[in-house]
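The structure appears below as structure tokens.
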Amino acid sequence: MNKASIYGMTLDQLTAWLSERGHRKFRAAQVWDWLYRKRVTAFTDMTDVHPECIAVLEEHFVIQTLTEHVKQESADGTIKFLFKLVDGNLIETVLMKHKFGLSVCVTTQVGCNIGCSFCASGLLPKSRDLTSGEIVEQIMNVQLHLDQAGQEGKVSHVVVMGIGEPFDNFENLSDFLRVIKDHKGLAIGARHITVSTSGLADKIIEFTDSDMQVNLAVSLHAPNNELRTRIMKINRAIPIEKLMEAIQYYWDKTNRRITLEYILLKDVNDHREQALELAELIGDNKHLANVNLIPYNPVDEHSQYQRSEQESIRAFYDTLKKQGVSCSVRLEHGTDIDAACGQLRSKQIKESKPAGPGRIAAG
Ligand code: SF4
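Written out as structure tokens, the structure reads:
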């Protein structure tokens, strides 16, 4: 059986785990210091940790379970990593360099079952959830890449917007958030972390009640059920009314802003009337919403969708603004590499697919 990633343990969990095995409480904090401050990649490098403690950690855990499979670097500094998991599956992680800091977009599942009709990631169904350790490790690997390249700076922002539906892997997502927020761990401020969901209403309520304090983004992509069901099949099970009820619950309980993601698809959802309908849907909560307009990155497999014209993007934006809706157009990163989420992964898997019929095997 594969050993678990040590990064999957919260500080409390590791403290309890070591105590159960007769090790003093401070050992866990010592181990974390080596992992997150000094960023060692072998237990034996933790020179002030008692050898018996090192031995028990080595017996049950590993520090590195991900290996770099492919790395694409864009002229704007964006780096897309394709990591190979211990079971051979491939996942994507992206580093973006902003004026405000270094941001990493992480993946939470191998494949995705939500089936958004425009998405390269959703082309391959979910084969499993990532463990919390595998999610944390994506950030650690990116940080190690920066360290080894002699680049100053620490990952300061995290977006959970890579492959998968994070709320469909809720428990591991929660442990992941605890680890990266912990001031003894990666110490990433809650306000610098955003989790994006396709709109699992029950989980939005659970997330609100969990008081995680991190930012929430919801993929809306359409202002009415007819259109949203066409774009996102999840809307059949969770229609807009149910989603908006959950969002209202979040607003009432937290009084915090939500980002509403809206991917602009040419002549599908980018008309002025749809912008007006969207403003109406947000209604009296305009001060609690920011619409993030995302120009579509076309993928070969979804040739029915094209990128909206520049004038349509502008007109959509202007219409929302005139209705008093706060909105922005997402700055593009890595346009000279496989920019769409999941594009690099699906390309690599296709290239490694054996000729003839059969199951697509990742890795
Ligand atoms: S957009 Fe997100 S939720 Fe939808 S299929 Fe792609 S990865 Fe899944």
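Heads up: the sequence shown at position 83 corresponds to 440 in my numbering, and the numbers run straight through without jumps.
Glycine included, every Cβ here is placed at the ideal spot set by N, Cα and C.
Contacting residues, own chain, Cβ-Cβ under 6 angstroms from residue i (five flanking each side not counted)
i    : result
F418 : K360, A361 and I363
E430 : I436
Rounded C-alpha distance that separates residue i from residue j
i    : j    : result
G458 : H514 : 7 angstroms
I471 : F524 : 11 angstroms
L371 : V656 : 43 angstroms
R580 : V413 : Here residue 580 is Pro; the residue named in the question, Arg, does not match the sequence. Approximately 54 angstroms, taken between the alpha carbons.
T424 : K441 : 5 angstroms
A719 : K678 : Because the pLDDT at A719 is just 27, under 50, the model does not fix this residue reliably, and the value given afterwards should be weighed accordingly. Going by the C-alpha atoms only, they are around 44 angstroms apart.
L375 : D402 : 18 angstroms
G379 : I492 : 29 angstroms
N446 : F527 : 21 angstroms
F400 : T367 : 17 angstroms
G365 : V536 : 8 angstroms
D486 : R687 : 28 angstroms
F438 : G510 : 18 angstroms
G519 : K623 : 23 angstroms
Proximity winner among the options, relative to residue i (alpha-carbon distances)
i    : options                   : result
T551 : V443, I591, P580 and T616 : T616
I436 : V463, L414, L423 and D559 : V463
E347 : A477, R378, G490 and S665 : Outside the shown range of the chain, which is 358 to 720, sits residue 347, and nothing can be said about it.
W608 : A574, K623 and D627       : A574
S460 : R548, S685 and G521       : R548
L534 : A672, S555, T488 and G556 : T488
T676 : A399, D486, A544 and D627 : D627
R381 : A672, H644, G542 and H407 : H407
S567 : T611, E602, E598 and T586 : T611
R629 : G556, Q680 and I545       : Q680
Beta-carbon proximity list for residue i, same chain, < 7 angstroms, skipping 5 on both sides
i    : result
G715 : At G715 the pLDDT is 28, less than 50, meaning the model places this residue with poor confidence; the figure from the coordinates comes in the next sentence. Around G715: no qualifying Cβ.
A373 : none
P482 : G468 and N470
E377 : none
Min CB distance residue i to chain C below 7 angstroms
i    : result
I604 : Of the chains in the structure shown, none is chain C; there is only one protein chain.
Proximity test, residue i beta-carbon vs the ligand HEM heavy atom, cut-off 6 angstroms
i    : result
C476 : No copy of the ligand HEM appears in this structure; the ligands present are the ligand SF4.
Residues near residue i by beta carbon distance below 8 angstroms, same chain, minus five either side
i    : result
Y606 : I561, I562 and T565
N647 : R614, I615, T616, L617, S683, C684 and S685
Every unbroken alpha helix (DSSP H) within the stretch 423-510, with a cutoff of 4 residues, ordered by chain: Listed in chain order, the complete alpha helix (DSSP H) runs (minimum 4 residues) inside the stretch 423-510 are 489-505.
Quick test of the definition: if touching needs 3 or more C-beta pairs under 8 angstroms, does the stretch 383-395 touch the stretch 545-562? The stretch 383-395 and the stretch 545-562 do not touch, with fewer than 3 CB-CB distances between them shorter than 8 angstroms.
With a cut-off of 8 angstroms, do at least 3 Cβ pairs link the stretch 626-641 to the stretch 589-596? Contact fails: fewer than three Cβ-Cβ distances are below 8 angstroms.
Unbroken alpha helix (DSSP H) runs of length 4 or more, entirely within the stretch 626-682: which are they? Fully contained in the stretch 626-682 are the following alpha helix (DSSP H) runs of length 4 or more, in chain order: 629-639 and 667-679.
Which runs of the alpha helix (DSSP H) fall wholly inside the stretch 578-618 and span at least 4 residues, in chain order? Complete alpha helix (DSSP H) runs here, min 4: 582-588, 591-594 and 597-611.
Write down every uninterrupted run of the alpha helix (DSSP H) in the stretch 511-581 whose length is 4 residues or greater and which is fully enclosed by it, in chain order. Complete alpha helix (DSSP H) runs here, min 4: 527-538 and 558-567.
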